[in-house]
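Enquirer: Take a look at this one; I'll ask things after.
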Amino acid sequence: MKQCFFAFAGTLAACLSASCIFAAEFIYDEEKVPPYSIPDALLAADGSKVSDVQTWRSKRRPELMNLFETEVYGKMRGKPEKMTFDVLSADKTSLGGRATRKEIMVNFAGIKDGSKMLILLYIPNGLKKPVPAFVGLNFKGNHTVANDPGITLADQWIKNNRDGLMQRQRAGSEARGTQASQWCVEMLMSRGYAFATVYYGDLEPDFDEGWKHGSRAALSKDGAKTQFAADDWGAIGVWSWGLSRVLDYLESDPDIDSKHVGVIGHSRLGKTALWAGVTDERFALVISNNSGCGGAALSKRIFGETVGRINTVFPHWFCGNFKKYNENEKDLTIDQNELIALIAPRPVYVASAVEDKWADPKGEFLAAKHAEPVYTLFGLEGLCVDDMPGVDKPVGKFIGYHIRTGKHDVLPYDWEQYIGFADRHFNYSGGLCWKARALK
Ligand code: GCU
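So for the sequence shown, the numbering used here puts the first residue at 256; every next one is plus one.
Below you can see the structure in the form of structure tokens.
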């Protein structure tokens, strides 16, 4: 445990130095962005141009999937055969009677002391079931996402309040609701959406050797002795895999319309949400909030965070092969516009923030823009603009985008856009029913 603690301390120290001490090394000036070209998602490896949906599905999509798996995120695992779901509680009186809170323990190997994750699920009361849902991993424990004393306190690897380092411990009750502003659970309930979340540390604590304490070890033949191949999955892979396992549960819950589940994530968990949306086509809608490098931002622009920087400070996030592109983005045959394109024809929303330069807002916009040809192939409208929109001016049909005022964060403004986007694509108006009932 001590070893892991110090491993994380190293990561944290490097991370803190990131945007401050070494900031001068990174490009924040458009004029300094070196020449680059954005790969054409419709240009197959044999040089032929894809011009119909069938060829996209049978040839180009698998080709790109394979490249992202082998070069960036690593190979994903499937659904564990013996996985079980235990609904530990269902409280119909939570959030002042407006929601039912369920907690569901997922045992991946079907055994209680094996690898597991705890799903926290809120379902709006008083609406016709099933209802659509949003799913996202949280950074600090389920108990932090809402002001609800009924949520079980995490006793996994969490950061301690003193120095922010990660240790195995039970969270203190003072942390309850501290991330509530990022999740807007009450807004979701009032708009008629269920919300499911899991603490990402349940799947793998976020430090270099954290995998030894998470599902990557548990699902490997050799457990913590495993040597990962260069194309084997990293932490983002296993976090994304966990999101698919949440969806497995939701498919079994009669209160949830599992054909209308959106996956969402912020920052590193935004990278995770994108990869989950790409690898699991059951997710009907995908949202990337300020995901930046290795998420929605183009790697080849080298603006803000770079591939070399992310792989050095977070060596566990991506697969080993991704390190070939450290300070060498030009050798990547793919870029993140093609990752977004892999979500087509499902709706995808990319959001940036003005002060979040580290995540390269323009690179996020350009990646969304250059995913558009694949949506066009499906006969769908994408962003519907050629240039980056003004601040706080959301755009897009099947590809949504906004850049909002402020910092790297998820704010109620962002959620307003995401819920509106889901309402339009799911043809849903649960919020209106709610209002009508409240008026009676
Ligand atoms: C760091 C990292 C980013 C990441 C962010 C986060 O800033 O460099 O890539 O998105 O942490 O997850 O908060």
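C-beta atoms are modelled at their ideal positions from N, C-alpha and C, and glycine is treated no differently. This structure is a prediction, so every number in the text was calculated from the model and none was measured.
1) Cα separation between Lys287 and Trp613?
2) Check whether the Cβ of Glu610 sits closer than 6 Å to any heavy atom of the ligand GCU, and report yes or no.
3) Per the contact definition of three or more C-beta pairs closer than 8 Å, is the segment 365–373 in contact with the segment 381–390?
4) Check each candidate in Ala451, Asp647, Arg679, Leu635 and name the one with the smallest Cα separation from Met372.
5) What residues match up with Pro379 in a beta bridge as DSSP calls it?
6) Alpha carbon to alpha carbon, how far is Leu498 from Thr527?
7) Could you give the residue range of the beta strand (DSSP E) that holds Asn544?
8) Run through DSSP, which three-state label would Leu298 get?
9) Taking the C-alpha atoms as reference points, what is the distance between Ile589 and Glu318?
10) Which residues bound the beta strand (DSSP E) around Lys347?
11) Using a Cβ-Cβ cutoff of less than 8 Å, which residues in the same chain neighbour Met338 once the five nearest sequence positions on both sides are dropped?
12) Would Gln437 pass as a contact of Val665 if the rule is Cβ separation under 7 Å?
13) Taking all protein chains shown into account, do 16 or more other C-beta atoms lie within 10 angstroms of the C-beta of Tyr448, making it buried, or fewer, making it exposed?
14) Can we count Gly547 as close to the ligand GCU, meaning its CB is less than 6 Å from some heavy atom?
15) Where does Thr534 fall in DSSP's three states?
16) Using only the alpha-carbon positions, how far apart do Leu597 and Val533 sit?
17) Below 7 Å CB to CB, which residues in the same chain sit around Leu660 once its five sequence neighbours on both sides are set aside?
18) Suppose contacts are defined by Cβ-Cβ distances below 7 Å. Is His657 in contact with Ala606 by that definition?
19) Can you list, in chain order, the stretches of the beta strand (DSSP E) that have 3 or more residues and sit fully within the segment 558–588?
20) To which residues of the same chain is Asp611 closer than 7 Å at the C-beta, ignoring the five residues directly before and after it?
21) Rounded to whole angstroms, what's the CA-CA distance from Gly655 to Arg601? Just pull it up for me.
22) Short of 7 Å in beta carbon distance, which residues of its chain neighbour Glu593, apart from the five on each side in sequence? Order them along the chain.
23) Leaving out the 5 sequence neighbours to the left and right, which residues in its chain are closer than 7 Å to Gly432 when beta-carbon positions are compared?
24) Which complete beta strand (DSSP E) runs does the segment 411–453 hold, if anything under 3 residues is left out?
25) When you compare only the Cα positions, how much space is there between Leu392 and Pro628?
26) Indicate whether Arg425 and Leu443 have their beta-carbon atoms separated by less than 7 Å.
27) With 16 as the cutoff for other CB atoms within 10 Å, does Asp669 come out buried or exposed?
28) Measure the C-alpha to C-alpha separation of Thr325 and Thr561 and round it to an integer number of angstroms.
29) Could you please give me the residues that DSSP links to Val516 through a beta bridge?
30) Take Ser344 as the anchor and find which of Ile406, Ala299, Leu322 has the nearest alpha-carbon.
31) First and last residue of the beta strand (DSSP E) that includes Gly655?
32) Quick check: Cys639 and Lys624, are their CB atoms within less than 7 Å of each other?
33) For Asn682, I'd like the list of residues in its chain whose CB is within less than 8 Å of its CB, leaving aside the five on either flank, ordered along the chain.
34) Between Ser475 and the ligand GCU, is the CB less than 6 Å from at least one heavy atom?
35) Does the distance between the C-beta of Arg423 and the nearest non-hydrogen atom of the ligand GCU fall short of 6 Å?
36) Which residues does DSSP list as the beta-bridge partners of Met360?
Expert: Put simply:
1) When rounded, the distance between both Cα atoms is 15 Å.
2) no
3) no
4) Ala451
5) Ala354
6) 9 Å
7) 540–544
8) strand
9) 11 Å
10) 339–348 is the extent of the beta strand (DSSP E) around Lys347.
11) Val361, Asn362, Phe363, Ala364, Gly365, Arg500, Asp503.
12) Yes, these two residues count as a Cβ contact at 7 Å.
13) buried
14) yes
15) helix
16) 6 Å
17) In the sequence as presented, Leu is not what sits at residue 660; that position holds Thr. Val609, Val646, Asp647.
18) yes
19) none
20) Asn545, Lys662, His663
21) If I take the Cα positions, the gap works out to 11 Å.
22) Pro294, Ala296, Leu319
23) Cβ-Cβ distances below 7 Å link Gly432 to Thr399, Ala401, Asn402 in the same chain, with the five nearest sequence neighbours on each side left out; the list follows chain order.
24) 412–414, 421–423
25) Near 30 Å, if we compare the C-alpha coordinates of Pro628 and Leu392.
26) no
27) Counting Cβ neighbours within 10 Å, Asp669 comes out buried, since at least 16 surround it.
28) 19 Å
29) Ala388
30) Ile406
31) 654–659
32) no
33) none
34) no
35) no
36) Asp341, Leu373
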